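These notes are about the structure you will find just below.
There are 2 protein chains.
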Amino acid sequence: MATVLQSDLQTVMTRIGQDARAAAGSLALAPAAQKNEALLAGAAIFRRAVDSILEANAKDMAAATQRGLTGAMLDRLALDANRVDAMARGLEAIADQPDPVGSEIARWQRPNGLDIARIRVPLGVIGIIYESRPNVTADAGALCLKAGNAAILRCGSESFHSSHAILDVLQTGLSEAGLPNAAIQLVPTIDRAAVGMMLTMADSIDVIVPRGGRSLIERVQQESRVPVLAHLDGLCHVYVDKAADHSKAREITFNAKMRRTGICGAAETLIVDRSIAASVLPGLVDDLIEAGCELRGDEDVQALDSRVMAATDTDWTTEYLDAILSIKLVDSLDAAIDHINMYGSHHTDSIITDDDVAAERFLAEVDSAIVMHNASTQFADGGEFGMGAEIGISTGRLHARGPVGAEQLTSFKYLVRGRGQIRPA
Amino acid sequence: MATVLQSDLQTVMTRIGQDARAAAGSLALAPAAQKNEALLAGAAIFRRAVDSILEANAKDMAAATQRGLTGAMLDRLALDANRVDAMARGLEAIADQPDPVGSEIARWQRPNGLDIARIRVPLGVIGIIYESRPNVTADAGALCLKAGNAAILRCGSESFHSSHAILDVLQTGLSEAGLPNAAIQLVPTIDRAAVGMMLTMADSIDVIVPRGGRSLIERVQQESRVPVLAHLDGLCHVYVDKAADHSKAREITFNAKMRRTGICGAAETLIVDRSIAASVLPGLVDDLIEAGCELRGDEDVQALDSRVMAATDTDWTTEYLDAILSIKLVDSLDAAIDHINMYGSHHTDSIITDDDVAAERFLAEVDSAIVMHNASTQFADGGEFGMGAEIGISTGRLHARGPVGAEQLTSFKYLVRGRGQIRPA
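Right under this line is the structure:
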């Protein structure tokens, strides 16, 4: 493992920042074909380098096992031939997406003849701080590259060897395409002080994207002097309106909760209109309980089904990320919208109804990044949105909201074309 | 002057935040006509309330004179019938702009039939911290309202009475249109601790916009836990390329520097291709010196004209905001671009040339919010861009860059319309 003396760490980080800034200058002007060449070269190298990547991963796995990591954490860290191939396919999918850089967002003429165009440009240098999953190294590095940004990656200590092996692949791809290695860099130490330094490198990092647990995100949001694109909670709701189709309500709720319970788009609270609770809930509850889901309801829900345990106030604000669902009855669409806006995390919420007026009110009035009608909240995903890949899902309102794909990793500039115009007094 | 006990200030600020959040909920759903009604009612009331506004302003002016404020600062603070009418016209111009809220930015269908629309929504609550100009109260309040945002305004202590009189007008307009007064609030104290509290009210303020001198902006950027849209420096360049039309170069440079020297779009450095310096500089220098502009050049410029004083290294990084211009010769377009990207503030830079290839390279390679060809940098202005009004010019790269008008004060959300889709495993 690369070790860096604490006293030298600031020097190392400063150099990484300067190299990234310089690389960002080249990347901003690199044509789409050249960036895609680097991505496709990387994909090909991934397929040739499976053995060396798995060898590096074995070191991480051995160290993690020794430190007593649990099953789920080990599973996140583990790579196999399929997962390496998935990284290769990820690079190919990103290469296949349209290049956002240089595209014209708007263009208009002023009465004085000035021609004003607003075009997409890269953000610059993006710092990504993440925890154990080694594939983030490939996904995040590739997505930043696609949008013409230099990336400074800071992986979790558990995936240190795996991430370095993946970085080697990406950098070889960059070299083959004639792009600077510093386009994608990895902080060469597991010293946590490096994270604090990244958060204050406002001159050389334009935006920080933290990916990990709540404590990481909160630390970053508290300490960062660099703007942050963060995903905090995904406390998603399914609301079954009184005009809901019962079988859609049953299927969508089951999928929204149980397809995968650990992702941010998983539903955590089910809200049901009181007038149809007695008819829609039994089948729905059967499905969930059969699948091993724990249900926690308000008194009215418990009265309908004794298998439902009592919910407390904290249940309405808890992102379980597990096979647990809180259930609440309401008297109206308004009450459902109020509950979601008050207790939700403004991430993804869905209404099940055949009443289009109710659906449009829900879509307009629920203040979340993604608001759905008759669809599972588990579609909250950059790939499912057609973005090819995402670096995360932003729960902030500034710059990016919802899935953050290549387009969301760009800024813009104005080109003003004149023929000698001066501004009158 | 309203006084608030220090111990009560946190309570007051918390209440302001909660009221703003509630008002933002109403504003987000208010139709364009209702917001415009409030703006037009405000404009009409401004015209009826001139006397009371000038009376309040007289109190501020008397206090400022007593504290020994200088001419330029007094001028910023002073209101007269014309300036009050300008605020009324500002509200009318903002009412006249298209409403950004609810407009569809993009819409597409997924292969599984999901219909995804991205539509503009308000940002929420915007905190504006500004210095002496009282008209910011009207401009910023109105622009936030147009974009469906609640505004928490914190005026400079000098304009406290004027700003409150202006707030009364805006709030009467809100009431006449049936909108909550809390849509536009003014912090009711000059206690500077209120600024610090605003910067940490991340639950109730979504974005902070500081408007003022460098020390204010730097304090906000250092302390804020709320995202900031800030305008730092406007170190703008005019580059006279070797293929420049001499008379355009002369007129544009003069306008870019001298039309108004105190605005952020004023040019601070002139870069001239060495091969045409001897032919283009003399007339240009004559104009500027006749108009009272001090010129500071590198050795080569001084050799051409003895009236030019010596520039030091700090001149290339100084935003004079005054009748001073630094001048430098370069050997190539590349050298000009390098100088601008290294020393500039990424605000607004212009190339003067009849060579379209050189112009397009400059537009592509200069990394500034606004890059111009054959036009004066003083066009860097929301009104001149056709945005109707601006709350400032952002020098950041995230969310907004360049003039910040109503559209830049919005976020977006995704509406996903399905017919029962669930996500496959």
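Residue numbers (the numbering used here), protein chains in the order written: chain L, 1119 to 1543; chain D, 1119 to 1543. Ideal Cβ positions, reconstructed from N, Cα and C, are used throughout, including at glycine. As the structure is a computational prediction, the values presented were derived from the model and not from experiment.
A contact between stretches requires three or more CB pairs, one per stretch, nearer than 8 Å, and the segment 1443-1456 of chain L fails this requirement with the segment 1489-1504 of chain L. Across the set 1393/D, 1213/D and 1518/D, the C-alpha of 1518/D shows the shortest separation from the C-alpha of residue 1241/L. For the segment 1192-1224 of chain D, residues whose beta-carbon sits nearer than 9 Å to a beta-carbon of chain L comprise 1220. Of the residues 1138/D, 1354/D and 1448/D, the one whose Cα lies closest to the Cα of residue 1490/D is 1354/D. Contact annotation: residue 1218/D and residue 1507/D have beta-carbon atoms that are not nearer than 8 Å.
Your pair residue 1447/L and residue 1392/L checks out as a contact, with CB atoms roughly 5 Å apart and the cut at 8 Å.
Contact between residue 1246/L and residue 1271/L holds, with the beta-carbon distance rounding to 5 Å and staying under 8 Å. Taking the Cβ atoms as the reference, residue 1541/L lies roughly 5 Å from residue 1494/D, within the contact range of under 8 Å.
A straight line joining the alpha-carbon of residue 1138/D with that of residue 1431/L spans about 26 Å.
Taken in chain order, the members of the segment 1366-1397 of chain L whose beta-carbon sits within less than 7 Å of a beta-carbon on chain D are 1366, 1369, 1370, 1373 and 1377. Residues of the segment 1497-1524 of chain L with a C-beta less than 9 Å from any C-beta of chain D: 1497, 1498, 1499, 1502, 1503, 1504, 1514, 1515, 1516, 1517, 1518, 1519, 1520 and 1521, listed in chain order. Counting only runs of 3 or more residues that sit fully inside the segment 1452-1484 of chain L, the beta strand (DSSP E) segments are 1466-1470, in chain order.
The DSSP-derived three-state label of residue 1263/D is helix. The DSSP-derived three-state label of residue 1503/D is coil. Inter-segment contact for the segment 1253-1260 of chain L and the segment 1216-1235 of chain L is absent: fewer than three beta-carbon pairs are separated by less than 8 Å. If you check each beta-carbon in the segment 1480-1492 of chain D against every beta-carbon of chain L, the ones closer than 8 Å belong to 1481, 1482, 1483, 1485, 1486, 1487, 1488, 1489, 1490, 1491 and 1492. Secondary structure at residue 1428/D: strand, using DSSP grouped into helix, strand and coil. In this structure, 1140/L is the residue among 1223/L, 1433/L and 1140/L with its C-alpha nearest to the C-alpha of residue 1300/L.
For residue 1327/D, the closest Cβ of chain L is not nearer than 8 Å.
Taking a contact to require three or more Cβ pairs closer than 8 Å, the segment 1412-1429 of chain D and the segment 1359-1375 of chain D do not qualify as touching. Each residue's CA atom was taken as its position, placing residue 1324/L and residue 1347/L some 11 Å apart. Listed along chain L are 1485 and 1515, each with a C-beta nearer than 9 Å to that of residue 1242/D.
Counted as a single uninterrupted DSSP element, the alpha helix (DSSP H) harbouring residue 1400/L occupies residues 1392-1408. The contact set of residue 1226/D on chain L, defined by CB atoms closer than 7 Å, consists of 1504 in chain order. The segment 1286-1300 of chain D and the segment 1151-1168 of chain D touch, with no fewer than 3 CB-CB distances between them shorter than 8 Å. Judged by beta-carbon spacing, residue 1482/L lies beyond the 8 Å limit of residue 1520/L, meaning their Cβ atoms are not closer than that value. Your pair residue 1178/D and residue 1158/D does not check out as a contact, with CB atoms roughly 27 Å apart and the cut at 8 Å.
Note on residue 1356/L: 16 or more other CB atoms within 10 angstroms of its CB, so buried under the neighbour-count rule.
DSSP places residue 1527/L in the helix class (H, G or I) of the three-state scheme. Pairing residue 1422/D with residue 1409/D, the inter-Cα distance amounts to about 20 Å.
For residue 1323/D, no CB of chain L lies under 8 Å from its own CB, so it is not counted at the interface with that chain.
Interface annotation, residue 1540/D: in contact with chain L, CB-CB separation under 8 Å. Under the three-state reduction of DSSP, residue 1508/D is assigned to coil, being neither helix nor strand. In the DSSP assignment, residue 1238/L falls within the beta strand (DSSP E) that extends over 1233-1240. Counting along the chain, the unbroken alpha helix (DSSP H) around residue 1314/D starts and ends at 1311-1316. Any Cβ of chain D closer than 8 Å to the Cβ of residue 1543/L would place that residue at the interface, and such an atom is present.
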